[in-house]
Amino acid sequence: MDQRLKDARIFNLIVFAAVLFAIGPYFVMSAPVEQTMGLIQKIFYYHVPSAMMLFAAAFVCGIGSAVFLFKKHAAADRLALAAGELAVVFGIIVLVTGPIWARKAWGVWWQWDARLTSSLLLWMMFVAYLLVRRFGGPGSEKLSAAMALFGMANVPFVYVSVNYWRTLHPKTSVITEGLAPGMKAPFWFCVVAFAILFTVLLTLRTKLEKDRAVVEELYLALDE
Amino acid sequence: MRLDFERLVVEDVSRQYGRRRALNRVNLTCQAGEIVGLLGHNGAGKSTLLAILSTLLAPSSGRVLYGDASAYEAGAALRSRLGMLGHDLFLYPELTARENLTFFAKLYGCTDVPTAVGLALERAFLDDRGDDLVSGFSRGMRQRLALERALLHEPRLLLLDEPFTGLDDASGQALVTRLRGLRDSGRIVLIATHDLDLAEGLFDRTAILRNGRLGVLDETGGTLRDRYRDAMQQASA
Amino acid sequence: MKQFLRVAWIVMRKDLTVEVRSREILYTTAFFAASCVLVFAFALVREGRPMEDAAAGILWIAISFSGTLALGRTFERERQTETLKALMLAPADRPAIYVGKLLGIVALLGVVEVLLVPMVGVLFDATFWARPVWLVILLAAGTVGFTSVGTLFAAMLVRARSRDVLLPVLLYPITIPIIIGGVRGTAALLQQTPDEPMIRFWASLLVFFDVVFVTLALWTFEPLMTE
């Protein structure tokens, strides 16, 4: 009964997310077109929320890893794995949409912009997280947990150092600081849509890992 | 804090790696002044059990009691009562015998380091080779040195993983004599080995690990080799 | 506390004694660092003139690459004789063992840097001696930061598969702030008139990094090394 209730809730969320993403583009198209960059600027409605989800995923992975390392709760590690994978996925979206925008805006694909560079570094830390898990052999859950924890602790340092590394060669910033009024609503709509998508994916992936652990236990019980 | 214990109790200890169960509900009790043998095929779980007893590995379920306290409760002080001789001897080849012993004596918190080191070198019959690099020692010499290193802090529980490997007859016999001496001085000695001939008559009790499960051999009924073979045949029958 | 420092000191002394006897890691690391400098020199020097800030960059890249090599080699040596297990079995405080190992490798890299800095200074006409104290601070803070994370990762990878390739995979992303701080700080030092506020800024960032990550490593060392 409890499981059916959970399944029902997740299903509802999936439907909700699907609906949001279905009407999202309409919202985005109805927003005012930005003067200088034109249509391409609308990538920002997906690019920024993806970046937010990248940071959210990194944070969840880091916290989950810390709990796993110090309290040894396997559930925390499963959550961390799901979050780590999502960090890589949303990171890819950020790192693909960013250059597309940059190409149209300044004619170059990559510009060493502080925020995009920091996102790249964060993304690489979580790719490393997955690599260790995959190739580290038995016991690699703890090793990757250390990577996630150090990666999360590193975020402020990465941000500060990359920022100041960049301002020595000042260039225009990527994100226009003030949002025109007509753009706020679609933007926050997209943020909510992405947040719900993130939650859905995180829950489903964690559940998959939990089911996998249950299967392992069943295998072990066979041995008894 | 000097913690000590007279009994080692292994209670329902299991250890798994993913789908593979290395140890399956192992139960064992050892008293002070006992030599217990641990036999079994490669991969049966002997090294895993020794690792758990030395507190380097945590069991997936069950617990180990040293006297009345578990490893977690006893903390770092417990390690001062445990001695281990691994397969790879734990010696630094770039250091001399004396330097190796001195380093470990200091690390393990021995009080009078020079005396302890001198005594250890004597017992290992290496007092004339004390200032030679370990890289130049034979396997037998390294074994003797490694054993004395494990005993520097006078542990209550001594865990030995394949101690007879690579030893010639004379060294093997010397080791047997040393181990008997340790048993008589009230220690618990647990030996995992394949060498059934050298171990003949050495064990007070013998345990066998098969696929992670522990069974105890009868102490009567022929040589160790015969009893071991019988037990293995019974299991597969 | 006294016990902690005592254990760290014993471990460090042992490491240095072993290294002094064989000198294997010292020689190979130093030579590798020198080769690194040459490789990058050929890549980044055109018509006899190096690119702007190349000296600072090359110095820190050489430190980073040779540091990774030294870390891998040191722990591989411990793995072969399984002496890391013996260290873990000691009744001593585990974090103290970490500190001992950390100091040993920092000392080793320090010696390599003593050779590297003049070499880079000569090859690239870089005025490292303009602010010697700041240079030492930058190098010390950067090396400690790099080694603090590196020692922890190298130690925990001893039990893992693919450990040779996983160490750089894990280490480089985390230590990028050190590279940035070290290079920008050193570049500021090497300018016509050294930019003191800049040097100070980057040096403080490095020191802050050290404090945070050494603390984090001390906390996580024991849970990571025990199964």
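Taken in sequence, the protein lines are chains W, L and R.
The numbering of the first sequence is my numbering, which starts it at 1 and goes up by one.
The numbering of the second sequence is my numbering, which starts it at 1001 and goes up by one.
The numbering of the third sequence is my numbering, which starts it at 2001 and goes up by one.
We put the beta carbon where it would ideally sit given N, CA and C, even for glycine.
Going by DSSP, what residue range makes up the alpha helix (DSSP H) through residue i?
i, result
"Arg-1015/L", "Unbroken run through Arg-1015/L is the beta strand (DSSP E), 1007 to 1017; no alpha helix (DSSP H)."
"Ser-2148/R", "2132 to 2157"
"Ala-154/W", "Looking at the sequence itself, residue 154/W is Asn, so the reference to Ala does not match. It spans 140 to 166 - the alpha helix (DSSP H) in which Asn-154/W sits, taken as one unbroken run."
"Gly-1215/L", "From DSSP, Gly-1215/L is part of no alpha helix (DSSP H) but of the beta strand (DSSP E) over 1213 to 1216."
"Ala-1150/L", "1139 to 1151"
"Leu-2103/R", "2094 to 2123"
"Ile-63/W", "44 to 71"
"Trp-123/W", "114 to 135"
"Pro-1114/L", "1113 to 1123"
"Ala-2009/R", "Sequence check: residue 2009/R is Trp here, not Ala. Start and end: 2002 to 2022."
"Ser-1047/L", "1046 to 1053"
Can you tell me whether residue i is buried or exposed, with buried defined as 16 or more other CB within 10 angstroms of its CB?
i, result
"Phe-1203/L", "buried"
"Pro-32/W", "exposed"
"Asn-163/W", "exposed"
"Asn-1100/L", "buried"
"Asn-154/W", "buried"
"Pro-186/W", "buried"
"Ile-23/W", "exposed"
"Val-132/W", "buried"
"Ser-173/W", "Because Ser-173/W carries a pLDDT of 48, less than 50, the predicted location of this residue cannot be relied on, and the following value inherits that uncertainty. Per the 10 Å Cβ criterion, exposed."
"Tyr-129/W", "buried"
"Trp-2060/R", "buried"
"Tyr-1108/L", "buried"
"Gly-91/W", "buried"
"Thr-117/W", "buried"
"Ala-6/W", "The residue you asked about is not Ala; residue 6/W is Lys in the sequence shown. So Lys-6/W counts as exposed."
"Met-152/W", "buried"
"His-169/W", "For His-169/W, the pLDDT reaches just 43, beneath the cut-off of 50, and the residue's location in the model is therefore unreliable, although a value from the coordinates is still provided. Exposed."
"Asp-1226/L", "exposed"
"Gln-2080/R", "exposed"
"Pro-2177/R", "buried"
"Lys-72/W", "exposed"
"Asn-12/W", "exposed"
"Ala-1170/L", "exposed"
"Ser-140/W", "buried"
"Gln-1234/L", "exposed"
"Trp-110/W", "exposed"
"Lys-42/W", "buried"
With which residues is residue i paired in a DSSP beta bridge?
i, result
"Val-94/W", "DSSP lists no partner for Val-94/W."
"Gln-1031/L", "Arg-1007/L"
"Met-1084/L", "Leu-1159/L"
"Leu-1101/L", "In DSSP, Leu-1101/L forms no bridge with anything."
"Leu-1039/L", "Ile-1208/L"
"Ser-1070/L", "Leu-1065/L"
"Arg-1020/L", "Tyr-1017/L"
"Val-1026/L", "Val-1013/L"
"Leu-1133/L", "Thr-1096/L"
From what residue to what residue does the beta strand (DSSP E) around residue i run?
i, result
"Leu-1092/L", "Reading off the sequence shown, one finds Tyr at residue 1092/L, where the question assumed Leu. Counting along the chain, Tyr-1092/L falls outside any beta strand (DSSP E), and DSSP gives it neither H nor E."
"Tyr-1066/L", "1061 to 1066"
"Thr-1206/L", "1205 to 1210"
"Ile-196/W", "Segment 181 to 222 is the alpha helix (DSSP H) holding Ile-196/W; no beta strand (DSSP E) there."
"Ile-1188/L", "1188 to 1192"
Answer yes or no: the CB of residue i versus the heavy atoms of the ligand PLP, is any distance below 7 angstroms?
i, result
"Val-2169/R", "Absence of the ligand PLP is noted for the structure shown, with no ligands found whatsoever."
Hey, does residue i have any beta-carbon neighbour from chain A nearer than 8 angstroms?
i, result
"Leu-5/W", "This model lacks chain A altogether, as its protein chains are W, L and R."
Contact the segment 1013 to 1030 of chain L vs the segment 1050 to 1063 of chain L: 3+ CB pairs below 8 angstroms: Yes: the two stretches touch, three or more of their Cβ pairs being nearer than 8 angstroms.
Three CB pairs or more closer than 8 angstroms across the segment 2149 to 2164 of chain R and the segment 2181 to 2195 of chain R: No: the two stretches stay apart, fewer than three of their Cβ pairs being nearer than 8 angstroms.
contact_flag[the segment 2041 to 2055 of chain R, the segment 2135 to 2153 of chain R] where n(CB pairs < 8 angstroms) is 3 or more: Fewer than three Cβ pairs drawn from the segment 2041 to 2055 of chain R and the segment 2135 to 2153 of chain R lie within less than 8 angstroms of each other, which leaves the two stretches out of contact.
Residue ranges of each alpha helix (DSSP H) within the segment 2158 to 2201 of chain R, 4 or longer: Complete alpha helix (DSSP H) runs here, min 4: 2163 to 2190.
The segment 2093 to 2113 of chain R contacting the segment 2026 to 2035 of chain R, beta-carbon criterion three pairs below 8 angstroms: Segments in contact, yes.
Cβ pair count under 8 angstroms reaching 3, the segment 2003 to 2015 of chain R against the segment 1111 to 1120 of chain L: Not touching, per the Cβ criterion.
Cβ contact (3+ pairs, closer than 8 angstroms) linking the segment 204 to 216 of chain W and the segment 1027 to 1036 of chain L: No, because fewer than three Cβ pairs between the segment 204 to 216 of chain W and the segment 1027 to 1036 of chain L fall closer than 8 angstroms, the two stretches do not touch.
Stretch-stretch touch, CB-based, cutoff 8 angstroms, three pairs: the segment 76 to 88 of chain W with the segment 97 to 117 of chain W: Contact fails: fewer than three Cβ-Cβ distances are below 8 angstroms.
Given 8 angstroms, three or more beta-carbon pairs between the segment 117 to 124 of chain W and the segment 2206 to 2214 of chain R: By the Cβ rule, the segment 117 to 124 of chain W does not count as touching the segment 2206 to 2214 of chain R, because fewer than three pairs are nearer than 8 angstroms.
Three or more C-beta pairs below 8 angstroms linking the segment 187 to 199 of chain W and the segment 51 to 63 of chain W: Contact between the segment 187 to 199 of chain W and the segment 51 to 63 of chain W is present, because at least three Cβ pairs lie under 8 angstroms.
Those runs of the alpha helix (DSSP H) which lie wholly inside the segment 2042 to 2087 of chain R and span at least 4 residues: Correct list: 2054 to 2080.
Inter-stretch contact (C-beta, 8 angstroms, three-pair minimum) for the segment 1080 to 1089 of chain L and the segment 2082 to 2091 of chain R: Two segments are said to touch when three or more pairs of C-beta atoms, one from each, lie closer than 8 angstroms; by this definition the segment 1080 to 1089 of chain L touches the segment 2082 to 2091 of chain R.
Given 8 angstroms, three or more beta-carbon pairs between the segment 1091 to 1106 of chain L and the segment 1174 to 1194 of chain L: As far as the Cβ criterion goes, the segment 1091 to 1106 of chain L does not touch the segment 1174 to 1194 of chain L, which means the pair count is below three.
Any 3 or more C-beta pairs closer than 8 angstroms across the segment 2129 to 2136 of chain R and the segment 2189 to 2198 of chain R: Touching, yes, given that three or more Cβ pairs across the two stretches are closer than 8 angstroms.
At least 3 beta-carbon pairs within less than 8 angstroms: the segment 1003 to 1013 of chain L vs the segment 1056 to 1065 of chain L: Contact between the segment 1003 to 1013 of chain L and the segment 1056 to 1065 of chain L is present: three or more C-beta pairs spanning the two stretches fall below 8 angstroms.
Inter-stretch contact (C-beta, 8 angstroms, three-pair minimum) for the segment 1186 to 1201 of chain L and the segment 1031 to 1043 of chain L: By the criterion of at least three beta-carbon pairs nearer than 8 angstroms, the segment 1186 to 1201 of chain L is in contact with the segment 1031 to 1043 of chain L.
Contact the segment 1084 to 1096 of chain L vs the segment 1128 to 1146 of chain L: 3+ CB pairs below 8 angstroms: Under the Cβ criterion (8 angstroms, minimum of three pairs), the segment 1084 to 1096 of chain L counts as touching the segment 1128 to 1146 of chain L.
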